[in-house]
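A.B. asks:
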Amino acid sequence: MRRSPQLFFSLLAAVVLLLATGATTSAHQTRTTFMKVKLAHTQRPHHTSNLFYHGGAIEPSAQVYIVYWGQQWASGFSTGGYTSAQAQTYVEDFFGGVGGSSWANSTTQYCQGVANGTTQCGSAGVHPTNPNNELAGTWTDNSSVPATPTQTQIANEAAALAAHFGGVNTNADYMVFTPTGHSENGFGTSWCAYHSSSGNLSYSYMPYQPDAGTSCGMNFVNGLNNSFGNGYFDGFSIVGGHEYGETVTDPYPSSGWLDSRGAENADKCAWISSGQGAASNIALGSQHFAVQSLWSNAFNSGTGGCVLSY
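Sequential numbering from 1 applies to the sequence shown in the working numbering.
(1) Is Asp-93 helix, strand or coil when you go by DSSP?
(2) Any idea what DSSP makes of Gly-240, helix, strand or coil?
(3) By DSSP's criteria, Gly-365 is part of a beta bridge. Which residues make up the other side?
(4) How far does the beta strand (DSSP E) with Trp-69 in it extend, from its first residue to its last?
(5) Sorted by chain position, which residues of the same chain lie with C-beta nearer than 7 Å to Gly-256's C-beta, five sequence neighbours on each side aside?
(6) From Asn-226 to Ala-115, what distance separates their C-alpha atoms?
(7) Which same chain residues, not among the five before or five after Asn-222, have their C-beta less than 8 Å away from its C-beta?
(8) Classify Glu-264 as buried or exposed, calling it buried when 16 or more other Cβ atoms lie within 10 Å of its own Cβ.
(9) Report buried or exposed for Ala-74, applying the criterion of at least 16 other Cβ atoms within 10 angstroms of its Cβ.
(10) Just grab the DSSP bridge partners of Thr-79 for me.
(11) Output the residue ranges of the alpha helix (DSSP H) runs that lie fully inside the stretch 136-221 and measure 4 residues or longer, sorted by chain position.
(12) Give me the residue from Gly-117, Val-126, Phe-94, Glu-92 with the minimum Cα distance to Thr-108.
(13) At a cut of 8 Å, does the stretch 155-167 reach the stretch 82-92 through at least three beta carbon pairs?
(14) Would you mind stating whether Gly-262 and Ser-273 have Cβ atoms separated by less than 7 Å?
(15) Using 7 Å as the threshold, is the C-beta distance between Asn-297 and Thr-119 below it?
(16) Cβ of Lys-36 within 7 Å of Cβ of Ser-215?
(17) Which residue marks the beginning of the beta strand (DSSP E) containing Phe-34, and which one marks its end?
(18) For Gly-304 and Gly-80, what's the separation of their Cα atoms in angstroms?
(19) What does the alpha-carbon distance come out to for the pair Leu-258 and Asp-141?
(20) Note down, in chain order, each residue of its chain lying with its Cβ closer than 7 Å to the Cβ of Thr-25, except the 5 sequence neighbours on either side.
(21) Per DSSP, which one or two residues make a beta bridge with Val-291?
(22) With a threshold of 16 other CB atoms inside 10 Å of the CB of Thr-138, please say whether the residue is buried or exposed.
(23) When burial is assigned at 16 or more other CB atoms within 10 Å of the CB, is Ala-283 buried or exposed?
(24) Is the beta carbon of Tyr-310 sitting closer than 7 Å to the one on Asn-105?
(25) Among Trp-103, Val-64, Tyr-65, Phe-77, which has the Cα closest to the Cα of Ala-279?
(26) Using a 10 Å radius around the Cβ and a threshold of 16 neighbouring Cβ atoms, would you call Leu-308 buried or exposed?
(27) Tell me whether the beta-carbon of Ser-183 lies closer than 7 Å to the beta-carbon of Pro-207.
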């Protein structure tokens with residue numbers, strides 16, 4: 001069959017335009033990025049290179065949805081002198097207040113819709129806006145949670161969460177929280193949490209962080225525990241903030257913003273205990289929360305570094 005030369009050149013022009021503009025990809029390849037456990041020695045920032053754009057999407061108007069999977073959340077449980085209800089309050093106060101904070105504002109320097117390889121967006125492209133009130137909904141799913149859920153089961157639960165709130169929102173991170181004693185293999189020994197995607201659904205998995213103790217952030221910033229849970233629950237905000245920051249800038253790993261070694265904005269600054277970018281408390285509402293720093297390409301005259309505010 002003869003093909004029209006006009007059709008050929010039209011298709012060729014479309015391909016050239018797509019490559020030139022760095023348009024975001026519509027097909028998402030599934031990849032999972034893990035926040036590794038804290039090592040025994042002091043960790044330093046990963047100064048390999050700045051992040052650069054890989055052609056995919058960011059979240060212009062980030063939102064967070066949370067599912068507490070398992071009837072244990074409804075009936076209640078306690079660990080370390082704290083209740084599951086206190087853990088939920090800590091988590092929800094953090095995600096309810098993180099939007100609009102100076103800590104999250106470093107994500108606004110990144111963008112989509114620019115040329116692949118871009119390191120400084122300036123005013124070009126579409127940027128995250130760091131809106132207030134990003135916690136869009138929570139749900140307690142009383143269906144049975146396996147003792148050792150698989151990633152497929154976690155992804156399915158994230159899909160159920162999205163369906164519960166009316167379908168997938170591509171600006172949202174769907175976060176799956178499992179109760180104490182019910183976590184995927186590798187939690188606490190290799191990693192603390194992860195984020196991934198399934199189709200156009202971006203999701204994160206948050207096991208019950210205190211189960212991993214200091215390996216996943218307990219008392220990393222606050223050495224003494226208080227009645228709100230600072231110290232004991234430090235891992236929820238350190239690790240949860242890690243996954244949040246990465247999802248805003250790379251919701252479909254790894255097609256957003258990464259460095260030459262595949263590290264995302266939070267990977268490059270994880271578990272820093274002293275010096276520039278050291279983990280610290282930030283004030284959100286009437287409480288304070290332990291967080292790690294996030295990588296900023298703009299810091300230090302464009303050479304980059306880990307920052308707690310922007």
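Using N, Cα and C, we set each Cβ at its ideal position, and we do this for glycine too. The structure presented is a predicted model; accordingly, all values stated were derived computationally and were not measured.
C.D. replies: From the atom records:
(1) Numbered from 1 along the sequence shown, position 93 holds the residue referred to as residue 93. Asp-93 falls in the helix class under three-state DSSP.
(2) Here residue 240 refers to the residue found at position 240 of the sequence shown. Of the three classes helix, strand and coil, the one that applies to Gly-240 here is helix, per DSSP.
(3) For residue 365 there is no data in the structure shown, the boundaries of the chain being 1 and 310.
(4) As a first step, residue 69 is located in the sequence shown; it is residue number 69 there, counting from the start. Where Trp-69 is concerned, the enclosing beta strand (DSSP E) stretches over 63-69.
(5) Residue numbering aside, residue 256 sits at position 256 when the sequence shown is read from its first letter. Within its own chain, the residues whose Cβ lies closer than 7 Å to the Cβ of Gly-256, once the five positions on either side in sequence are excluded, are His-54, Gly-56, Ala-57, Ile-58, Thr-249, Asp-250, listed in chain order.
(6) Counting from one through the sequence shown, the residue named residue 226 turns up at place 226. Counting from one through the sequence shown, the residue named residue 115 turns up at place 115. Rounded to whole angstroms, Asn-226 to Ala-115 spans 48 Å at the Cα level.
(7) By one-based count along the sequence shown, residue 222 stands at place 222. If we look at Asn-222 and ignore the five residues flanking it on each side, its Cβ neighbours are Asn-230, Gly-231, Asp-234, Asn-281, Ala-290.
(8) By one-based count along the sequence shown, residue 264 stands at place 264. Taking a 10 Å sphere around the C-beta of Glu-264, we find 16 or more other C-beta atoms and assign the residue as buried.
(9) To locate residue 74, count along the sequence shown from 1; it is residue 74. The residue is exposed, with fewer than 16 neighbouring Cβ atoms inside 10 Å.
(10) Working through the sequence shown from its first residue, we reach residue 79 at position 79. For Thr-79, which the question treats as bridged, DSSP gives the partners Tyr-82.
(11) For secondary structure counted as the alpha helix (DSSP H) over 4 or more consecutive residues, the stretch 136-221 holds these complete runs in sequence order: 151-164.
(12) Numbered from its first residue, the sequence shown carries residue 108 at position 108. When each option's Cα is compared against that of Thr-108, the closest is Val-126.
(13) no
(14) Numbered from 1 along the sequence shown, position 262 holds the residue referred to as residue 262. Numbered from 1 along the sequence shown, position 273 holds the residue referred to as residue 273. Not in contact: Gly-262 and Ser-273 (Cβ atoms no closer than 7 Å).
(15) Counted from its first residue, the sequence shown places residue 297 at position 297. Counted from its first residue, the sequence shown places residue 119 at position 119. Taking 7 Å as the Cβ cut-off, Asn-297 and Thr-119 qualify as a contacting pair.
(16) As a first step, residue 36 must be located in the sequence shown, where it is residue number 36. As a first step, residue 215 must be located in the sequence shown, where it is residue number 215. Cβ atoms of Lys-36 and Ser-215: not closer than 7 Å.
(17) In the sequence shown, residue 34 corresponds to position 34, counting from 1. Start and end: 33-36.
(18) Against the sequence shown, residue 304 aligns to sequence position 304. Against the sequence shown, residue 80 aligns to sequence position 80. Their backbone Cα atoms lie some 39 Å apart in a straight line.
(19) As a position in the sequence shown, residue 258 is number 258, starting the count at 1. As a position in the sequence shown, residue 141 is number 141, starting the count at 1. Cα to Cα, Leu-258 sits roughly 34 Å from Asp-141.
(20) For this step, residue 25 is matched to residue 25 along the sequence shown. Here the model assigns Thr-25 a pLDDT of 44, short of 50, so the residue's position is not dependable, and the following value carries that caveat. Answer for Thr-25: Gly-55, Gly-56, Ser-255, listed in chain order.
(21) Along the sequence shown, read from residue 1 onward, the residue named residue 291 stands at position 291. The partner list for Val-291 (beta bridge, DSSP) reads Ser-280.
(22) Counting from one through the sequence shown, the residue named residue 138 turns up at place 138. Buried, by the Cβ-count rule.
(23) Residue mapping note: residue 283 aligns to position 283 of the sequence shown, counting from 1. Exposed.
(24) In the sequence shown, the residue the question calls residue 310 occupies position 310. In the sequence shown, the residue the question calls residue 105 occupies position 105. Their beta carbons are under 7 Å apart, which means Tyr-310 touches Asn-105 by this criterion.
(25) Here the question's residue 279 lines up with position 279 in the sequence shown. Of the candidates Trp-103, Val-64, Tyr-65, Phe-77, the one whose C-alpha sits nearest the C-alpha of Ala-279 is Trp-103.
(26) Here the question's residue 308 lines up with position 308 in the sequence shown. Flag for Leu-308 reads buried.
(27) In the sequence shown, residue 183 corresponds to position 183, counting from 1. In the sequence shown, residue 207 corresponds to position 207, counting from 1. Cβ distance < 7 Å, so Ser-183 and Pro-207 count as in contact.
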